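Going by full-length UniProt numbering, 11 is the number at position 11 of the sequence shown; the sequence numbering is gapless. Even for Gly, the Cβ is constructed at its ideal location relative to N, Cα and C. No experiment lies behind these values; they were computed from the predicted model shown. Reviewing the structure listed below.
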Amino acid sequence: MSNKTIIFARVSTKRQEKEGLSLEEIQLPRARDYARANGLNIIETFKISETGSEYKARSKFQAMVNYAKKKQG
């Protein structure tokens, strides 16, 4: 079993980010802490602040999936 992991952090609106779901202040530190506590090696971090229905957000998600497939194993 591999200990590699990817972080994908997302908020769907700027309002959510301002109301306490901040990528930089909340989500990313929690994800990094989780990885550290569970012996996971973070190999990449993807973060977006847009709705999942927007093309750019979907393309970033697809980029993450493609990256994971390339690094699998």
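So residue i is in the beta strand (DSSP E); what residue range does that whole segment cover?
{"i": "E24", "result": "Element bounds for E24: n/a, residue is neither H nor E."}
In terms of residues, what are the limits of the alpha helix (DSSP H) holding residue i?
{"i": "L28", "result": "28–37"}
From the DSSP output, read off the bridge partner residues of residue i.
{"i": "A41", "result": "The sequence shown places Asn at residue 41, rather than the Ala named in the question. Beta-bridge pairing links N41 to K4."}
{"i": "V11", "result": "S49"}
Checklist entry - Do three or more CB pairs link the segment 58–72 to the segment 22–33 at distances below 8 Å? => result no
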